[in-house]
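For reference, the structure discussed in these notes is given below.
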Amino acid sequence: MSNQRSGKWKPASLDNGTSDMRLRNFFRTCVRALEDEPNAQFYFEQIEEHINKGGSIMTDDLTAVRRMLGA
Numbered sequence: 027m028s029n030q031r032s033g034k035w036k037p038a039s040l041d042n043g044t045s046d047m048r049l050r051n052f053f054r055t056c057v058r059a060l061e062d063e064p065n066a067q068f069y070f071e072q073i074e075e076h077i078n079k080g081g082s083i084m085t086d087d088l089t090a091v092r093r094m095l096g097a
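Position 37, counted from 1, in the sequence shown is what this note's numbering calls 63; the numbers after and before it change by one each time, with no gaps.
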């Protein structure tokens, strides 16, 4: 037994990308759910496309958000 304290521990894989896929699938479902609302559909499609291209939606920058939404 050693007197050395344990080091910091973290899992080998912090995020395997499933959260991005679930988020993309959520936006895809929103597009289908809003068949009668073409304007709202457009914005959800823009976000889905942005995620598909590898972009991140985690930002507080209004300019970046407008760019994602195609505005």
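Glycine included, each C-beta is placed from N, C-alpha and C at the ideal position. Only a predicted model underlies this, so the values are computations on that prediction, with no experimental measurement involved.
Asked: Just checking, does the segment 76–91 make contact with the segment 43–51 on the three C-beta pairs under 8 Å criterion?; Found: yes
Asked: Spatial neighbours of Gly96 within its chain, please: C-beta separation below 6 Å, excluding the five flanking residues on both sides.; Found: Gln72
Asked: By DSSP, does Met84 sit in helix, in strand, or in coil?; Found: coil
Asked: For Met94, count neighbouring C-beta atoms within 10 Å of its own C-beta (all shown protein chains included) and say buried if the count is 16 or more, exposed if not.; Found: buried
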